[in-house]
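Quick notes on the structure that follows.
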């Protein structure tokens, strides 16, 4: 009978958790959100799946996205994660279904494992059930459909805590080791904090006096788990250390000494997301000697932002890093609730009154005050009125409704993805392969380019766009600081294609997917489906080519924008003070401000202050018609109020983020590189509301005919079967003269270059890409890539797994 009753409680927890997750969803929406969930978590996972499928490798080294990137640039989003690996077995099933389904299963597993774990902590089934309800209602699980990496490790963290119990009881390390390994596979960013949680739990269970032998086994389990994950962690760590995050800036706002609203603990979904009941239980735990140290630690983590700063690796003091502490909070809450129910804990009023304090500082003030009032009434009733067992049972059940209601309310505020959203599937992979018949060039997506920033066209086809928390700093600098692509979002991590003619030509974007009304000049429609087209422009550079048209880097560095762009697109910029320097006669012409006509925005070269109560639209009449030209507009922007500024010119958007943005982009120079289509006579200008100053207007034009690089040698590709996960390029080239083999693969460590079977050194050319000298004649070229640390990491993982198997075999043999 007892087992059947426990099964019923598991069923109730599962149903309750599903209700919390799914009830806030309205008809016609999907369990996912706009923004990062769709563009990063789904898009990057699809990128990984396509890379694995197209290369036939479980450990591909190179992705064709982001101009060509280290696959570990995307490790944060699921490389070697079980759901991504499973997706390769069902390639026709949309990734969003796999991601959403696995996320829901993860939460259900977390709550049921929590119940299973709590029952083994000397708690009765109802206290364990109540603690599990508190976990299910934690608003941090909002990220199940938002930022899945914030919570997807949770079931394995609870398994690790159960593994610590097993270690302390029986001296076995298998469960702890495997659970920690799975944490790293799901979210290595949270791995360190999860280890801190495990250490605190181990000390708590050891009464803060650990036994040396058992502690040594725990350390061994940690090292083995890290070793088993070395194939992911080592190359990822080396990759992170080899570059820097080009986000614009961090911690633009001063950090508070104390967070009196306790945002890391209460309500806020970017923290643990507990309610006043949890705070009251933590405060009561201070009165118990056994729980006091743990309660102090948890309260200090929520109260002192500097702790979050340290746990976040000194990036920022954001409380999202505290989410792994939820199981420990739930453990103290469940234990305290049981003691209250059994009258082993006194009902103190002062802790209940202290719960009103955070509400005075919180943006959730009204809700928190209501919660605190309910809590106070509950405490008073329990202290002075409820005496019978039945009344106490009812009161405990009712108080658990508050966190459930709060959690449903938080989830309901989210903008869910529409169920019929097809922005990542305008054309099938088969349709794209039918059109893209030359893989020496790239394919990019202009329509819905944000949500498609990480998706791949499939079958090894390359693209320039990328959105990842880890990226090649050289490529990001080239993208924004050299080519002056617009920064259209609040951070500068997203690398999205646009109509920049210089960039599209230089990076070999021959194929574009765009809507029928947004076709850039020079591209011709080759396939149309509804309002979307795939277009082709044959006048772009290939990804790899040979040339003897060289330009010294030392001279190029002295060229001002935009003259540097013409050099990059008409010759190859190589290191040193080369004798190959030739006279440079720019074809770019600087125009006067009068070209844009008379408008209050650009009426003066010194600019002026705009004060707009709402967004405005303007049409700027050009003083002369532009035909088959590239128009470049640049000006300075300063926000007087520190608010966000957005200005669009002909649909090309630039954004200066607010000073309070988590990753301020520091985009104070708005640049627009626009192809002048047939008879361009006006510009459409969109201005966001706010107070900001525009100054330093500069305008340039260049005839499209000068966007060319004469005399390049075009290579031929080897057979399609060469896509094996490490081969970046393999083919032949016939050089008419001595020169350079130029690529637009971003420069970084890890490449291997072979010319006629002999390995040669490669150099940084065109400010950010791979190239090398090549003599006259026919040559066989092969470029491979191995992520630094991969081979060593794979060897360490295999060795660590063998050691764990040996230890487990010995433990079982001893048990027999």
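Residue numbers (this note's numbering): 63 to 878.
For glycine and all other residues, C-beta sits at the position ideal for the given N, C-alpha and C.
Quantities reported herein were computed from a predicted structural model and do not represent experimental measurements.
If I measure Cβ to Cβ from residue i and keep anything under 7 Å in the same chain, skipping five residues before and after, which residues do I get?
i: residue 310; result: Any reading at residue 310 must be qualified, since the residue scores a pLDDT of 47, below 50, and its modelled position is unreliable; the value itself is stated next. The residues are 553, 554, 725, 726, 727, 728.
i: residue 506; result: 525, 526, 527, 559, 571, 574
i: residue 522; result: 116, 126, 501, 785
i: residue 650; result: 624, 625, 628, 762, 764
i: residue 297; result: 134, 849, 850, 851, 852, 855
i: residue 783; result: Note that residue 783 scores a pLDDT of 45, beneath 50, so its modelled location is shaky; the value from the coordinates is reported in the next line. Hits under 7 Å: none found.
i: residue 417; result: 338, 341, 342, 434, 437
i: residue 585; result: 574, 597, 598, 599
i: residue 740; result: 689
i: residue 831; result: 805, 806, 807, 808, 809
i: residue 237; result: 221, 224, 225, 228
Kindly indicate which residue of the options has the alpha-carbon position closest to the one of residue i.
i: residue 147; options: 355, 128, 122; result: 122
i: residue 90; options: 568, 480, 407; result: 480
i: residue 763; options: 746, 813, 690; result: 690
i: residue 680; options: 659, 142, 116, 671; result: 659
i: residue 792; options: 181, 814, 584, 798; result: 814
i: residue 256; options: 264, 265, 245; result: 245
i: residue 381; options: 751, 321, 337, 811; result: 321
i: residue 165; options: 94, 152, 108; result: 94
i: residue 361; options: 326, 875, 350, 717; result: 326
i: residue 886; options: 519, 515, 498; result: There is no way to answer for residue 886, as the model of the chain reaches only from 63 to 878.
i: residue 504; options: 492, 510, 432, 520; result: 520
i: residue 564; options: 859, 770, 344, 328; result: 770
Mapping the DSSP letters down to three states, classify residue i as helix, strand or coil.
i: residue 145; result: helix
i: residue 749; result: strand
i: residue 862; result: helix
i: residue 88; result: coil
i: residue 213; result: coil
i: residue 680; result: strand
i: residue 70; result: helix
i: residue 57; result: Beyond the ends of the chain as shown, which are 63 and 878, falls residue 57; an answer cannot be given.
i: residue 755; result: strand
i: residue 523; result: coil
i: residue 834; result: strand
i: residue 691; result: strand
i: residue 290; result: helix
i: residue 709; result: strand
i: residue 183; result: coil
i: residue 668; result: Any reading at residue 668 must be qualified, since the residue scores a pLDDT of 49, below 50, and its modelled position is unreliable; the value itself is stated next. DSSP places residue 668 in coil when its eight states are reduced to three.
Within the continuous alpha helix (DSSP H) that includes residue i, where are the two ends?
i: residue 433; result: 427 to 446
i: residue 797; result: It is not in any alpha helix (DSSP H) - residue 797 instead sits in the beta strand (DSSP E) that spans 789 to 797.
i: residue 389; result: 388 to 403
i: residue 380; result: From DSSP, residue 380 is part of no alpha helix (DSSP H); its letter is neither H nor E.
i: residue 471; result: 463 to 474
i: residue 841; result: Looking at the DSSP string, residue 841 is not in any alpha helix (DSSP H); the run it does join, the beta strand (DSSP E), is 839 to 847.
i: residue 113; result: 105 to 117
i: residue 258; result: 253 to 267
For the beta strand (DSSP E) containing residue i, name the first residue and the last one.
i: residue 624; result: From DSSP, residue 624 is part of no beta strand (DSSP E); its letter is neither H nor E.
i: residue 635; result: 634 to 636
i: residue 563; result: Where residue 563 is concerned, there is no enclosing beta strand (DSSP E), although the alpha helix (DSSP H) it sits in stretches over 563 to 568.
i: residue 803; result: 801 to 808
i: residue 817; result: 813 to 817
i: residue 598; result: 594 to 598
i: residue 588; result: 586 to 591
i: residue 538; result: First-last for residue 538: 535 to 539, but that is the alpha helix (DSSP H), not the beta strand (DSSP E).
i: residue 418; result: That residue, residue 418, is in no beta strand (DSSP E); it is neither H nor E in DSSP.
Please work out which residues of its chain come closer than 6 Å, Cβ to Cβ, to residue i, disregarding the five sequence neighbours upstream and downstream, and give them in chain order.
i: residue 318; result: 367
i: residue 369; result: 363
i: residue 642; result: Unreliable positioning characterises residue 642 in this predicted model, as indicated by a pLDDT of 49, which lies under 50. A coordinate reading is not provided.
i: residue 210; result: 103, 165
i: residue 557; result: 527, 528, 541
Tell me which residues share the same chain as residue i and place their Cβ nearer than 8 Å to its Cβ, disregarding the 5 neighbours each side in the sequence.
i: residue 358; result: 348
field: Cβ pair count under 8 Å reaching 3, the segment 416 to 433 against the segment 221 to 229
entry: Result no; under three Cβ-Cβ pairs closer than 8 Å.
query: Pairing CB atoms from the segment 460 to 479 with CB atoms from the segment 71 to 87, are three or more of them under 8 Å?
result: Taking 8 Å as the limit for Cβ pairs, the verdict is that the segment 71 to 87 does touch the segment 460 to 479.
query: Just checking, does the segment 455 to 462 make contact with the segment 67 to 79 on the three C-beta pairs under 8 Å criterion?
result: Cβ pair count under 8 Å is below three, so no.
message: So, does the segment 538 to 557 touch the segment 614 to 628, judging by three or more C-beta pairs under 8 Å?
response: Because the criterion of three Cβ pairs below 8 Å is met, the segment 538 to 557 and the segment 614 to 628 touch.
message: Below 8 Å, how does it come out for the segment 702 to 709 and the segment 748 to 760: are there three or more Cβ pairs, yes or no?
response: In short, these stretches touch, since the Cβ pair count reaches three.
message: Below 8 Å, how does it come out for the segment 178 to 192 and the segment 211 to 218: are there three or more Cβ pairs, yes or no?
response: Verdict: no, contact absent.
- request: Decide yes or no for the touch test of the segment 379 to 399 against the segment 189 to 196: beta carbon pairs closer than 8 Å, at least 3 of them.
  value: Under the Cβ criterion (8 Å, minimum of three pairs), the segment 379 to 399 counts as touching the segment 189 to 196.
- prompt: Do three or more CB pairs link the segment 278 to 289 to the segment 824 to 843 at distances below 8 Å?
  reply: The count of Cβ pairs closer than 8 Å, one atom from the segment 278 to 289 and one from the segment 824 to 843, stays below three, leaving the stretches out of contact.
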